[in-house]
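Participant: Next up is a structure, given as structure tokens.
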Amino acid sequence: MKKVLIIGAGGVGSVVVKKCAQVPEVFSEIVLASRTLEKCEKIAAGTPRPVKTLRVDADSVPELVSLLRAEKPDLVVNVALPYQDLTIMDACLETGVDYLDTANYEPRDEARFCYKWQWDYMERFRERGLMALLGSGFDPGVTNVFCAHAAKNHFDRIHTIDIMDCNGGDHGHPFATNFNPEINIREVSAPGRYYENGRFIETPPLSVHEPFDFPEIGVREMYLMYHEEMESLAKNIPGIRRMRFWMTFSENYLTHLRVLENVGMTRIDPVRFKGVDIVPLEFLKALLPDPASLAEGYTGKTNIGCMIKGEKDGRPRTYYIYNVCDHAECYRELGAQAVSYTTGVPAMIGALMMLSGAWRGKGVFNMEEFDPAPFMDRLNRHGLPWTEKFLEE
Ligand code: NDP
Numbered sequence: 005m006k007k008v009l010i011i012g013a014g015g016v017g018s019v020v021v022k023k024c025a026q027v028p029e030v031f032s033e034i035v036l037a038s039r040t041l042e043k044c045e046k047i048a049a050g051t052p053r054p055v056k057t058l059r060v061d062a063d064s065v066p067e068l069v070s071l072l073r074a075e076k077p078d079l080v081v082n083v084a085l086p087y088q089d090l091t092i093m094d095a096c097l098e099t100g101v102d103y104l105d106t107a108n109y110e111p112r113d114e115a116r117f118c119y120k121w122q123w124d125y126m127e128r129f130r131e132r133g134l135m136a137l138l139g140s141g142f143d144p145g146v147t148n149v150f151c152a153h154a155a156k157n158h159f160d161r162i163h164t165i166d167i168m169d170c171n172g173g174d175h176g177h178p179f180a181t182n183f184n185p186e187i188n189i190r191e192v193s194a195p196g197r198y199y200e201n202g203r204f205i206e207t208p209p210l211s212v213h214e215p216f217d218f219p220e221i222g223v224r225e226m227y228l229m230y231h232e233e234m235e236s237l238a239k240n241i242p243g244i245r246r247m248r249f250w251m252t253f254s255e256n257y258l259t260h261l262r263v264l265e266n267v268g269m270t271r272i273d274p275v276r277f278k279g280v281d282i283v284p285l286e287f288l289k290a291l292l293p294d295p296a297s298l299a300e301g302y303t304g305k306t307n308i309g310c311m312i313k314g315e316k317d318g319r320p321r322t323y324y325i326y327n328v329c330d331h332a333e334c335y336r337e338l339g340a341q342a343v344s345y346t347t348g349v350p351a352m353i354g355a356l357m358m359l360s361g362a363w364r365g366k367g368v369f370n371m372e373e374f375d376p377a378p379f380m381d382r383l384n385r386h387g388l389p390w391t392e393k394f395l396e397e
């Protein structure tokens, strides 16, 4: 019987709250805190179990510390923005509470995705006897667990991993992002990077692309991008030779993005406007649809998975593991769209792994460092069933 404090009342936060509410035997008390109290209250009103709601500015360590001292949760699930990762980790250290998130820390003034800042907390969490689980969403998150599952059960050696993320859905808006617009556009407009023979190789943004036939969706053009799980997988999958991350985009999305970039609307440095400094991308976020609001009427499916090549018993093997998630079904179950759903469900399962003791450790961990079996089992039970295939060479 454990108390969980969820920080961040966005599209993902809503799914985490509602999914935790479905597992009362583990999550006996649920608290939701975010910058805008009304958003917390709206989520609580749509959840069939009591959810305590509070306001917090997660950029402020003292505010977070007071919140944690008052609430005394067993675990903090951070589904606010990556900018808040370090302040929340600091508050957890100060108050002796375990920590989980779904996206790695990013400084506001630089779109640089790396685990270094959070891995630097290793000793402090270890000394305090606390556990931090990083990147417990879908990608990162489930994709790391898929790789651990493949390494444990299906390969003697893994040579290459291609993580492929396809959203084949249609939300009906001319342009919208499926998770926080600011974070999404920073990620997509950054240079691509892939791992080969011990180092990362950079490519111009969205310059490398190829078609792939995604099960239950069809052929889509996917683009090589950098994604944070490659950094931890490069460390934790011994002998890996090459790793790439791909995401699909429609021509329509890319055309809008190109125009926005060309006119300077995706800039993250401040611009002086009528006597005040504004960051164009932050202003653009205010204009674009809230990701949670896309859920109603969203049709189509997502397919996220890993294509893995290597050896088993001296023979080459190609293995493909993926999940397909239907936007409309997510809406029927929780009033959510599939991108929020596929992130929020693994955050709940990661929390469940920690609170039930299935995954325990002292320090800062990535998902592939634990036994994948109990997590894989929970994916099937909580709405994200997976399919695995052995392909012909
Ligand atoms: P949203 O923008 O919908 O929600 C973010 C929430 O955090 C908002 O409610 C926002 O409050 C709140 N917030 C922002 N700043 C603060 C602050 N200083 N203090 C308190 N609350 C704050 O984003 P999503 O729900 O779409 O995404 C949430 C997280 O999930 C992001 O970090 C994103 O990167 C991650 N993600 C991970 C994925 C994965 O597979 N690993 C995939 C998709 C997303 P307010 O409403 O007041 O602005």
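For the sequence shown, the numbering used here assigns the number 397 to the last residue and increments by one with no breaks. For each residue, glycine too, the CB sits at the ideal point set by N, CA and C.
Shorter than 7 Å, the distance from the beta carbon of alanine 74 to the closest heavy atom of the ligand NDP, or not?
Facilitator: No - the ligand NDP has no heavy atom lying nearer than 7 Å to the Cβ of alanine 74.
Participant: Given isoleucine 162, which residues of its chain have a CB within under 8 Å of its CB, disregarding the five upstream and five downstream residues?
Facilitator: Cys151, Ala154, Ala155, Ile241, Gly243, Ile244, Ile312, Lys313, Gly314
Participant: Have a look at Phe142, Asp113, Cys96 and flag the residue whose alpha-carbon is nearest the alpha-carbon of threonine 106.
Facilitator: Phe142
Participant: Residues bridged to asparagine 327 by DSSP?
Facilitator: In the DSSP output, where bridge partners are listed per residue, asparagine 327 has Ile308, Trp390.
Participant: Does the Cβ of phenylalanine 379 lie closer than 7 Å to at least one heavy atom of the ligand NDP?
Facilitator: no
Participant: By DSSP, does asparagine 184 sit in helix, in strand, or in coil?
Facilitator: In the structure shown, asparagine 184 sits in coil (DSSP, three-state: anything other than H, G, I, E or B).
Participant: Using the C-alpha atoms, what's the distance from aspartate 169 back to leucine 97?
Facilitator: 34 Å
Participant: Closer than 7 Å to a non-hydrogen atom of the ligand NDP - does that hold for the CB of proline 293?
Facilitator: no
Participant: Between the C-alpha atoms of proline 284 and glycine 309, what's the straight-line distance to the nearest angstrom?
Facilitator: 34 Å
Participant: Taking asparagine 307 as the reference, give the member of Ala362, Asp330, Glu114 with the closest Cα.
Facilitator: Asp330
Participant: By DSSP, does cysteine 170 sit in helix, in strand, or in coil?
Facilitator: strand
Participant: My assumption, with CB atoms under 8 Å, is that phenylalanine 216 sits in contact with arginine 321. Please give the rounded CB distance.
Facilitator: Phenylalanine 216 to arginine 321, Cβ: 19 Å. No contact.
Participant: Threshold first: 4 residues or longer. Then list the alpha helix (DSSP H) segments lying entirely within the segment 58–104, N to C.
Facilitator: 65–75, 89–99
Participant: According to the Cβ coordinates, are leucine 92 and alanine 62 closer than 8 Å?
Facilitator: Leucine is not the amino acid found at residue 92; the sequence shown has isoleucine there. It is a contact, given that the beta carbons lie within the stated cut-off.
Participant: Measure from the alpha carbon of isoleucine 10 to the alpha carbon of each residue in Ile187, Arg319, Leu71, then state which is nearest.
Facilitator: Leu71
Participant: Using only alpha-carbon positions, find the residue among Gly339, Ile325, Met358, Thr40 that is nearest to glycine 50.
Facilitator: Gly339
Participant: Taking only the alpha-carbon atoms, compute the straight-line gap between aspartate 174 and glycine 133 and give it to the nearest angstrom.
Facilitator: 46 Å
Participant: If you run the structure through DSSP and keep just helix, strand and coil, what is phenylalanine 204?
Facilitator: strand
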